[in-house]
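K.L.:
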Amino acid sequence: MVKHALKEVLYAPLYIHSFQLLLPHRMDEAAKFNGLDPDRLVSTADKLRYYRYKKALLQREVADYAGIDRSTYIKYEAGLDYYPPDKLGKIAELLGVDIADLLDKYNAFIRNGQGPQIRALRRQMRLTQKEFGKRFGIHETTVREWEHENIRISKKQYIKLFM
């Protein structure tokens, strides 16, 4: 802002902006997420990175908010098979998205209850737990534990059954 008074020119700043410029480590990483539709992202790791960039947050800030170590969050963005729902819920809250928007197919499957889905697949195939296990090379006890949600199905087994 400039003011002319008594043959003097006075300058006064309107507002001083300060912000932290966040740059990805590699430009190819930035290009990957620039103008991208988040619905086209497949992995939870890419979705976490996309929404973090969109909110201009550091990995450390996300990790602190979720109550995890920064190295753990780095592993989240590097890609894991399974993400703890309580931690992912906190991260989704910070990023301002629904937790479902962050999940890949496997983690959505786990979140939506693996037991009923495995049971439905088995019944659709008209197989007993023993027959189902035999067909896919899985012990019938494991099938029962999956259906009762006592143990979590591995991503490898999920792909074998549902992909």
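In this note's numbering, each residue's number is its place in the sequence shown (first place is 1) plus 8.
Positions of the beta carbon are idealized from the N, C-alpha and C atoms, including for glycine.
With a Cβ-Cβ cutoff of 9 angstroms, do I107 and L96 count as a contact?
P.N.:
yes
K.L.:
Can you round the beta-carbon distance between L110 and L56 to whole angstroms, since I take them to be within the 8 angstroms contact cut?
P.N.:
6 angstroms
K.L.:
So, A53 versus E101, is the Cβ gap smaller than 9 angstroms?
P.N.:
no
K.L.:
Give the single residue among N115, A116, K168 and Y114 whose Cα lies nearest to the Cα of I146.
P.N.:
K168
K.L.:
Select from Y61, S51, G104 and Y59 the residue whose C-alpha is nearest the C-alpha of Y91.
P.N.:
With distances taken between Cα atoms, Y91 lies closest to S51.
K.L.:
So, under 8 angstroms CB-CB, D89 and Y114 are touching, yes? Tell me the CB distance rounded to an integer number of Å.
P.N.:
7 angstroms
K.L.:
Assign R60 to buried or exposed, taking buried as 16 or more other Cβ atoms, counted over all protein chains shown, within 10 Å of its Cβ.
P.N.:
Classification of R60: buried, given that the 10 Å Cβ count is 16 or more.
K.L.:
What three-state label does DSSP hand E69 in the structure shown?
P.N.:
helix
K.L.:
Here's a check: name, in chain order, each residue in its chain whose Cβ is nearer than 8 angstroms to the Cβ of K98, leaving out the five neighbours to either side.
P.N.:
Y73, A74 and G75
K.L.:
Check each candidate in D112, S162, T136 and K138 and name the one with the smallest Cα separation from D47.
P.N.:
D112
K.L.:
Just checking my contact of R130 with F117 at CB under 8 angstroms: how many whole Å lie between their CB atoms?
P.N.:
Not a contact, Cβ separation roughly 15 angstroms.
K.L.:
Taking the alpha-carbon positions, what's the I126 to E155 distance?
P.N.:
6 angstroms
K.L.:
From this set, R160, K142 and D45, which residue's C-alpha is nearest P124's C-alpha?
P.N.:
R160
K.L.:
Is DSSP giving E139 helix, strand or coil here?
P.N.:
DSSP places E139 in helix when its eight states are reduced to three.
K.L.:
Whole angstroms are fine: how far does the CA of D45 sit from the CA of K63?
P.N.:
Distance from the CA atom of K63 to the CA atom of D45, rounded to whole angstroms, is 15 angstroms.
K.L.:
For D77 and Q122, I'd like the C-alpha separation in whole angstroms.
P.N.:
29 angstroms
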